[in-house]
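To keep things clear, I will list the structure first and then write my remarks on it.
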Amino acid sequence: MLVRLGTSLLVLWGAVTAAFVALHLTPGSVVDALIGSNTVTPQVRAQIIADYGLDRPLWRQYLAYLGRILHGDLGRSYQLHESVASALGSQLAPSLQLTLVAIGLALLVSTPLALFTARRRRWVRALSSGIELVGVSIPTFWAAILLLTVFSFRLGWFPAAGATGFGGLVLPAVAVAIPVTALLTQVTREGLERVLEEPFVLTARARGMSDAGVRTRHALRHAALPAVTFAGWLFGLMLGALVPVEQIFSRPGLGQLLLTAVGGKDLPIVMGVVLFTALVYVVVSSALDVLYLVIDPRLRGAAR
């Protein structure tokens, strides 16, 4: 328990520190982001720098920000002129909706594919592996552009960018789900092929259980453990995919908010999104630890 807590705190600290350093290394001035298009005198500019503590050494700005985080203060956006918590809250629902639909789609496609292709003829396995390789290799932004061009502009089956409602959610969810589906199919199939050689599976077959019954009732549950182990990393992959997908489809959300903030050197927003993403990753990873014990009771003794 203490190891998990220490690891979680280290992940949060590392994410915030990396974002802080990276943003200060990018071209552009935070002061210009604060001033915007307004014309100010040198005296006003100097006052803004002093008010926001930008005249202090970078390491003191970093420590001051860590101190505010420990007190629950994420600061105020330079561009939006509202609290970071409020900005995140207003953009959370669209991103959460897109993520959940993409997860559901990935599970809906990858599970039957893995069940069907595990321990089948060589050409079936080769065809499936080839498709999965393509799915993993395609950049998310390229897949999003391709889907938008073909199914929206050419065929007109789905609304174009900026549309609301379920129809406007389908193509973005597919773009996010493509690499996740490919990876989940690979991992689940490999787990199934290993489990299908276990003695308890052979016993179930000897008792007359059908192949479909063996796969769905016995093998799938045990084969799901590697996929669940991989799910934490996949969730982080999906969060990263939100940035280009929300931009291409003109959807509101945390990805769109982050991209705008990085371009405008809006440090509080960038740090807030990074911290929130890292926190979600930590929570998901902790929940998966519990799920491991549910899927495989043999791990409960080790956990004690």
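Residue numbering for the sequence shown follows my numbering, beginning at 53 and increasing consecutively. Quick reminder that beta carbons are idealized off the backbone N, C-alpha and C, glycines included.
Residue i and residue j closer than 8 Å at C-beta
{"i": "A225", "j": "L157", "result": "yes"}
{"i": "L167", "j": "L61", "result": "no"}
{"i": "V280", "j": "L340", "result": "yes"}
{"i": "I14", "j": "D107", "result": "With the chain covering 53 to 356 only, the question about residue 14 has no answer from this structure."}
{"i": "P146", "j": "R259", "result": "no"}
{"i": "L148", "j": "F301", "result": "no"}
{"i": "Q113", "j": "G105", "result": "yes"}
{"i": "F205", "j": "A212", "result": "yes"}
Beta-carbon separation (whole angstroms), residue i vs residue j, contact threshold 8 Å
{"i": "A196", "j": "T240", "result": "Going by Cβ atoms, the distance from A196 to T240 rounds to 25 Å, so no, they are not a contact pair."}
{"i": "L286", "j": "L294", "result": "Contact flag wrong, Cβ pair sits at about 13 Å."}
{"i": "L221", "j": "L150", "result": "7 Å"}
{"i": "A170", "j": "L244", "result": "4 Å"}
{"i": "H76", "j": "L115", "result": "Rounded, the Cβ-Cβ distance is 14 Å, inconsistent with contact."}
Contact set for residue i: own chain, Cβ-Cβ below 8 Å, skip 5 residues either direction
{"i": "S129", "result": "S135, V136, A139, A313, D318, P320, I321"}
{"i": "V161", "result": "A229, T233, T237"}
{"i": "H123", "result": "none"}
{"i": "V332", "result": "F287, L291"}
{"i": "L159", "result": "L236"}
{"i": "A223", "result": "The sequence shown places Leu at residue 223, rather than the Ala named in the question. These residues qualify, in order along the chain: A196, L199, L200, F203, S204, F210, F301."}
Own chain partners of residue i with C-beta closer than 6 Å, once the 5 adjacent residues on each side are dropped
{"i": "L64", "result": "A330"}
{"i": "S180", "result": "T169"}
{"i": "F282", "result": "V239"}
{"i": "L126", "result": "V136, A137, G324"}
{"i": "V176", "result": "T169"}
{"i": "H274", "result": "V247"}
{"i": "G182", "result": "none"}
{"i": "A67", "result": "V326, A330"}
Proximal residues to residue i (C-beta, below 7 Å), its chain only, five neighbours per side dropped
{"i": "W209", "result": "F203"}
{"i": "A51", "result": "The structure shown does not extend to residue 51, since the chain is modelled only from 53 to 356, so the question has no answer here."}
{"i": "L310", "result": "V295, V322, V325"}
{"i": "A227", "result": "T192, A195, A196, L199, V297"}
{"i": "H133", "result": "none"}
{"i": "V83", "result": "R97, I100, I101, L106"}
{"i": "G58", "result": "none"}
{"i": "M261", "result": "none"}
{"i": "D103", "result": "none"}
Proximity test, residue i beta-carbon vs the ligand PLP heavy atom, cut-off 7 Å
{"i": "L199", "result": "This structure simply doesn't include the ligand PLP, nor any ligand for that matter."}
Test: residue i CB closer than 8 Å to a CB of chain D
{"i": "P94", "result": "In the structure shown, chain D does not exist; there is a single protein chain."}
Can we say the segment 309–320 touches the segment 233–249, given the rule of at least three CB pairs closer than 8 Å?
-> no
Evaluate the contact criterion for the segment 139–151 versus the segment 324–335: three or more CB pairs, one atom per stretch, below 8 Å.
-> yes
Just checking, does the segment 181–190 make contact with the segment 116–129 on the three C-beta pairs under 8 Å criterion?
-> no
How do the segment 145–160 and the segment 285–298 stand: do at least 3 beta-carbon pairs fall below 8 Å, yes or no?
-> yes
Only counting runs of 4 or more residues, tell me where the alpha helix (DSSP H) segments fall wholly within the segment 172–256, in order along the chain.
-> 174–189, 192–199, 219–247
Any chance you could list the alpha helix (DSSP H) runs of at least 4 consecutive residues sitting entirely within the segment 266–329, in chain order?
-> 272–300, 306–315
Pick out the complete alpha helix (DSSP H) segments inside the segment 85–133, 4 residues or longer, and give them in chain order.
-> 94–103, 110–122
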